[in-house]
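Protein chains: 2
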Amino acid sequence: MKTITQLFKSLSDPTRIRIIWILQFGGELCVCDLMAVLELPQSTVSRHLAYLRNAGLVDDQRKGVWMYYRLPEHVNDIIAEILAVVRLTGKDSEQAAMDQHRLKAYLREKRAGTC
Amino acid sequence: MKTITQLFKSLSDPTRIRIIWILQFGGELCVCDLMAVLELPQSTVSRHLAYLRNAGLVDDQRKGVWMYYRLPEHVNDIIAEILAVVRLTGKDSEQAAMDQHRLKAYLREKRAGTC
DNA sequence: TCACTGTATCCGCATAAGCAAATATTGCAA
DNA sequence: TTGCAATATTTGCTTATGCGGATACAGTGA
Chain A
184 MKTITQLFKS
194 LSDPTRIRII
204 WILQFGGELC
214 VCDLMAVLEL
224 PQSTVSRHLA
234 YLRNAGLVDD
244 QRKGVWMYYR
254 LPEHVNDIIA
264 EILAVVRLTG
274 KDSEQAAMDQ
284 HRLKAYLREK
294 RAGTC
Chain B
184 MKTITQLFKS
194 LSDPTRIRII
204 WILQFGGELC
214 VCDLMAVLEL
224 PQSTVSRHLA
234 YLRNAGLVDD
244 QRKGVWMYYR
254 LPEHVNDIIA
264 EILAVVRLTG
274 KDSEQAAMDQ
284 HRLKAYLREK
294 RAGTC
């Protein structure tokens, strides 16, 4: 019961929905990538990621100093369904399109080796 | 964007999840039916129903003094998917089973003509 | 019209959640 | 080990949300 409401609560914030849209589009990204796309301070992004991690909606993996986040690959039916719904909502979202555009531009200019 | 987060926010409360489970099981019910099953005061139940109505997750219909609530029949893909997810979560929920049991007992004793 | 019942909304309060700066932690390299 | 960069967590503040009693509104019947 608490798990389910926690799951929905973690999706009831626009920033967290945006993070999932961005990860669905961009695959694996580190915190500073997300900071650039979301245009939000580090502590804010990190806290939202912790929220999503606790709900089982993202996986994290440390690579040196960088923490990379991505959507989980092996999930139960409920989370899979929910991620499908979120993807559906992103299809005709202006915000999702803007974030995808900003991510593409950011990745194009990003130099190798930097975060 | 706001619509989506509002949708998830309306599902981030245990009482509202319970209401949807109860309606999935019991069909069309009025506010006092739900008060009996949820064991919550009228103002609380009504407010949660308003939340769900605004999110498009329940339909209401007045019949005399009574307001009947049920799940919407014709919904878009997103709401249909979300209701399916909620149903899925109810399958192995002890709370859902308890509420179903209480609803059955309540309907058995309820006299015709009373709310 | 008036009284009554069922439901919706308002109000004040308590709790929860978001924000961003500050601080702590982690891992790498010198 | 020391210093630095990336990230996580803490802190203090502000805002949002839930609660239930009180009140307002709507429909029915006398």
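Sequences listed follow chains A and B, in order. Under our numbering, think of the first position of the first sequence as 184, with each following residue one higher. Under our numbering, think of the first position of the second sequence as 184, with each following residue one higher. Heads up, the beta-carbon is just placed ideally off N, CA and C, and yes, glycines get one too. Bear in mind that the values here come from a model prediction, so they are computed numbers and not experimental data.
Closer than 7 Å to chain A by CB, residue i
i, result
"lysine 192 of chain B", "yes"
"valine 241 of chain B", "no"
"proline 197 of chain B", "yes"
"glutamine 207 of chain B", "no"
"isoleucine 261 of chain B", "yes"
CB-CB length for residue i against residue j, believed under 8 Å
i, j, result
"valine 269 of chain B", "isoleucine 200 of chain B", "7 Å"
"serine 193 of chain A", "leucine 235 of chain A", "6 Å"
"aspartate 202 of chain A", "leucine 232 of chain A", "Going by the sequence as given, residue 202 of chain A is isoleucine instead of aspartate. Isoleucine 202 of chain A to leucine 232 of chain A, Cβ: 7 Å. Contact."
"leucine 290 of chain B", "phenylalanine 208 of chain B", "About 11 Å; that fails the 8 Å criterion."
"phenylalanine 191 of chain B", "serine 195 of chain A", "4 Å"
Three-state secondary structure assigned by DSSP to residue i
i, result
"aspartate 282 of chain A", "helix"
"aspartate 242 of chain B", "strand"
"leucine 217 of chain A", "helix"
"leucine 232 of chain B", "helix"
"leucine 254 of chain A", "coil"
"leucine 212 of chain B", "strand"
Under 8 Å by beta carbon: chain B residues contacting residue i
i, result
"methionine 281 of chain A", "Under the 8 Å cutoff, chain B gives no residues; its nearest Cβ is about 11 Å from methionine 281 of chain A."
Check: residue i C-beta below 6 Å from any heavy atom of the ligand ADP
i, result
"proline 255 of chain B", "Only the bare structure without any ligand can be found here, which leaves the ligand ADP out of the picture."
Chain B within 7 Å of residue i, Cβ atoms only
i, result
"glutamate 264 of chain A", "yes"
"threonine 227 of chain A", "no"
"leucine 271 of chain A", "yes"
Residue i: contacting residues in chain B (beta-carbon distance under 9 Å)
i, result
"threonine 188 of chain A", "Leu194, Ser195, Asp196, Pro197, Arg199 and Ile200"
Chain-ordered chain A contacts of residue i [CB-CB under 8 Å]
i, result
"alanine 267 of chain B", "Glu264"
"glutamine 244 of chain B", "Near glutamine 244 of chain B there are no residues of chain A at all, since even the closest Cβ is about 26 Å away, more than 8 Å."
Neighbouring residues, chain B, relative to residue i (Cβ below 7 Å)
i, result
"leucine 223 of chain A", "Here the premise fails: no neighbours, minimum Cβ distance about 15 Å."
"threonine 184 of chain A", "One point to set straight first is that residue 184 of chain A is methionine, not threonine, in the sequence displayed. By Cβ distance, chain B contributes Pro197, Ser276 and Gln278."
Open item on the list: For the stretch 251 to 267 of chain B against the stretch 228 to 243 of chain B, do three or more pairs of beta-carbon atoms, one drawn from each stretch, fall closer than 8 Å, so that the two count as touching?
Closed with: Judged by pairs of C-beta atoms under 8 Å, the stretch 251 to 267 of chain B touches the stretch 228 to 243 of chain B, as three or more such pairs exist.
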